[in-house]
Amino acid sequence: MTTSNVSRRAFIAGAAVAVSALAVGITPRQARAAGEALPHLSDKDPMAKALHYSDNATAVSKAQNPTYKPGDRCSKCRFFQGKPNEASGFAGCQIYPGYSVSAKGWCASYNARA
Ligand code: SF4
1296 MTTSNVSRRA
1306 FIAGAAVAVS
1316 ALAVGITPRQ
1326 ARAAGEALPH
1336 LSDKDPMAKA
1346 LHYSDNATAV
1356 SKAQNPTYKP
1366 GDRCSKCRFF
1376 QGKPNEASGF
1386 AGCQIYPGYS
1396 VSAKGWCASY
1406 NARA
């Protein structure tokens, strides 16, 4: 995946979340809190499967995911909508609307927080 693809995906995901929140009349903070209550993303979900999502980053195959680096995990990703040390262990993700992801998970859309 190229850097421009990641940037484009980040822009589209951010815009989709903002539009969705506005459409239902909630603030981004409310959307974040609601994310914890969303159903947990399954690694069997077609999009999760395509992006090699795992709820356990330490189990990610480096051979299949050359961009994965030990220590990368959802709680450090810019798309994760929870706090870095999310108490519930799960929060929404901009890439998977309608689901929550594990703070200890990882997928190929990982993009480290600045
Ligand atoms: S690595 Fe980032 S994009 Fe992928 S599931 Fe985790 S929070 Fe979402």
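Residue numbers (the working numbering): 1296 to 1409.
C-beta: ideal position from N, C-alpha, C; glycine also.
Given the structure is predicted, the values throughout are model-derived calculations rather than measurements.
So, K1399 versus C1369, is the Cβ gap smaller than 8 angstroms?
-> yes
Neighbour-count burial assignment, N1406, 16 or more Cβ in a 10 Å radius | buried
Own chain partners of S1404 with C-beta closer than 6 angstroms, once the 5 adjacent residues on each side are dropped = L1346, I1390
How would you label S1395, buried or exposed, when you count the other beta carbons within 10 angstroms and need 16 or more for buried?
-> buried
Hey, quick one: how far does the beta strand (DSSP E) through A1332 stretch, first residue to last?
-> Careful: A1332 lies outside any beta strand (DSSP E) and carries neither H nor E.
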